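Reviewing the structure listed below.
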Amino acid sequence: MAHSERAHAKLSASGAYIWLNCTMSPSLSEGVPRKSNKYADEGTLAHEYAQWCLAQRGVGKSSAAVNVSQEVKELFETNLGVYLDYVESLAKQTDLYAVEKRVSLSRLWENDRQKPPEVMFGTSDFVALTPDKILHVVDLKFGASVAVDPTDNSQGLYYALGTYLSLPENIMPPETIRITIVQPRAKHPDGPIRHWDVATVDMLDWAYSVLKPTVELIAENDKTKLSIVEGKHCRWCPAASGNCPEKRKTKATSAKAAFAD
Ligand code: SF4
603 MAHSERAHAK
613 LSASGAYIWL
623 NCTMSPSLSE
633 GVPRKSNKYA
643 DEGTLAHEYA
653 QWCLAQRGVG
663 KSSAAVNVSQ
673 EVKELFETNL
683 GVYLDYVESL
693 AKQTDLYAVE
703 KRVSLSRLWE
713 NDRQKPPEVM
723 FGTSDFVALT
733 PDKILHVVDL
743 KFGASVAVDP
753 TDNSQGLYYA
763 LGTYLSLPEN
773 IMPPETIRIT
783 IVQPRAKHPD
793 GPIRHWDVAT
803 VDMLDWAYSV
813 LKPTVELIAE
823 NDKTKLSIVE
833 GKHCRWCPAA
843 SGNCPEKRKT
853 KATSAKAAFA
863 D
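In my numbering, the protein residues as written are 603 to 863.
Set out below in structure tokens:
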């Protein structure tokens, strides 16, 4: 599947950082169109180009060649090598890997004989289960401005959980989850490839004590129980541009202060 054809769930993996922190954000974001911008488009294209390059190296299924200008091609070829080499090194260790892996969290409820209250799915750039019992989730970030941290990364945990839930019963389960961010263009003290390891039991504890109850709370949609919580996550919230009352208050206060100066 091409990166641009990825569908987005209401409670998506990429939005988990927002809705886990602010349970009102999904309802306030409803109907707000996803704005495309130069950087998002470039990121999508970079993922498709990387997928095609991996297929050329024999990793993953073949995908259509991506037509880009010479300038963009040079940008991709300068920056994507670190991601391609890392993913290829994992793929060489195991047959249990997938590029653009679609994952679902439905089994988190189905395993308890419950109906999932929301359709929850996402597509991870790359996942692999290596013989050392590590489940790898690798996320390519092409942005240059905000360096993404792998620690407690809810998007990575969402993908890891979905992959874990889809493992066949005859496979030795992973003991460790390794979330890896590969971000070649942003400066970070730990370099372009950054990892965070979490024990599988701790990921499952997070799934049952944090993620599952939060999803159920949001799905219930009782506004008296939902909360609006501002924070760093607002940067990516669709409601921040207009629907969010907290943001409107902040803007009004700043406007008043500007007149008072
Ligand atoms: S902008 Fe921030 S506070 Fe407002 S809904 Fe979104 S996440 Fe919540």
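A virtual CB, placed ideally from N, CA and C, is assigned to each residue, including glycine. Owing to the predicted nature of the structure, the values given are computational and were not obtained by experimental measurement.
| message | For Ser614, tell me which candidate among Phe723, Ala642, Val684 has the shortest Cα-Cα distance. | response | As a first step, residue 614 must be located in the sequence shown, where it is residue number 12. Here the closest residue by C-alpha is Phe723.
Three-state class that DSSP yields for Asp687 in the structure shown: Counting from 1 along the sequence shown, the entry for residue 687 is found at position 85. The answer is helix: DSSP assigns Asp687 an H, G or I state.
Exercise for the section: Could you name the residues that DSSP lists as bridge partners for Trp798? Expected result: Translated into the one-based positions of the sequence shown, residue 798 becomes position 196. BP columns for Trp798 point to Ile781.
- Along the beta strand (DSSP E) that carries Lys703, what are the first and last residues, could you check? Within the sequence shown, the letter at position 101 stands for residue 703. From DSSP, the beta strand (DSSP E) with Lys703 extends over 699 to 706.
inquiry  = Considering only the alpha carbon of each residue, which of Leu710, Val689, Arg659, Ala652 lies closest to Ser811?
reply    = Here residue 811 refers to the residue found at position 209 when the sequence shown is read from its first residue. Of the listed residues, the one whose Cα sits closest to Ser811 is Leu710.
For this session: Please work out which residues of its chain come closer than 8 Å, Cβ to Cβ, to Glu720, disregarding the five sequence neighbours upstream and downstream, and give them in chain order.
Result: The residue labelled residue 720 in the question sits at position 118 within the sequence shown. Cβ neighbours of Glu720 beyond the five flanking positions: Ala611, Lys612, Leu613, Val817, Ile820, Ala821.
Distance, Ala667 Cα to Pro752 Cα: The residue given as residue 752 occupies position 150 in the sequence shown. The residue given as residue 667 occupies position 65 in the sequence shown. Those two C-alpha atoms are separated by around 30 Å.
Check: According to the neighbour-count rule (16 or more other Cβ atoms, all chains shown, within 10 Å of its Cβ), is Glu771 buried or exposed?
Finding: Residue numbering aside, residue 771 sits at position 169 when the sequence shown is read from its first letter. Flag for Glu771 reads exposed.
ask   = Is any heavy atom of the ligand SF4 found at a distance shorter than 7 Å from the C-beta of Ser627?
value = Within the sequence shown, residue 627 is the residue found at index 25, counting from 1. For the ligand SF4, at least one heavy atom lies less than 7 Å from the Cβ of Ser627.
What is the rounded straight-line gap between the Cα of Val800 and the Cα of Leu686? Taking the first residue of the sequence shown as 1, we reach residue 800 at position 198. Taking the first residue of the sequence shown as 1, we reach residue 686 at position 84. The alpha-carbon atoms of Val800 and Leu686 are separated by roughly 24 Å.
Original post:
Hey, is Lys849 close to the ligand SF4, as in C-beta under 7 Å from one of its heavy atoms?
Top reply: The residue labelled residue 849 in the question sits at position 247 within the sequence shown. Result yes, Cβ under 7 Å from the ligand SF4.
Item checked: Buried/exposed call for Ile620, threshold 16 Cβ in 10 Å -> Along the sequence shown, read from residue 1 onward, the residue named residue 620 stands at position 18. Burial call: buried.
* Asked: Hey, would you say the C-beta of Glu832 is under 7 Å away from at least one heavy atom of the ligand SF4?
  -> Numbered from its first residue, the sequence shown carries residue 832 at position 230. Yes, the ligand SF4 has a heavy atom inside 7 Å of this Cβ.
Note to self: Which residues does DSSP list as the beta-bridge partners of Leu737?
What the structure shows: Residue 737 sits at position 135 when you count from the first residue of the sequence shown. Looking at the DSSP assignment, Leu737 forms a beta bridge with Leu731, Ile779.
ask   = Is the distance from the Cβ of Glu777 to the Cβ of Lys735 below 8 Å?
value = Position 175 of the sequence shown, counted from the first residue, corresponds to residue 777. Position 133 of the sequence shown, counted from the first residue, corresponds to residue 735. Yes, the Cβ-Cβ distance between Glu777 and Lys735 is below 8 Å.
**Message:** Rounding to the nearest angstrom, what Cα-Cα distance links Glu848 and Glu832 in this structure?
**Reply:** Taking the sequence shown and counting its residues from 1, one reaches residue 848 at position 246. Taking the sequence shown and counting its residues from 1, one reaches residue 832 at position 230. Going by the C-alpha atoms only, they are around 8 Å apart.
Worksheet item: When we look at the beta-carbon of Gly617 and count the other beta-carbons within 10 Å, is it buried (16 or more) or exposed?
Response: Working through the sequence shown from its first residue, we reach residue 617 at position 15. That one is buried.
**Asked** So does Ala730 have its beta carbon nearer than 7 Å to some heavy atom of the ligand SF4?
**Response** Looking up residue 730 in the sequence shown gives position 128. Not so, every heavy atom of the ligand SF4 lies at least 7 Å from the Cβ.
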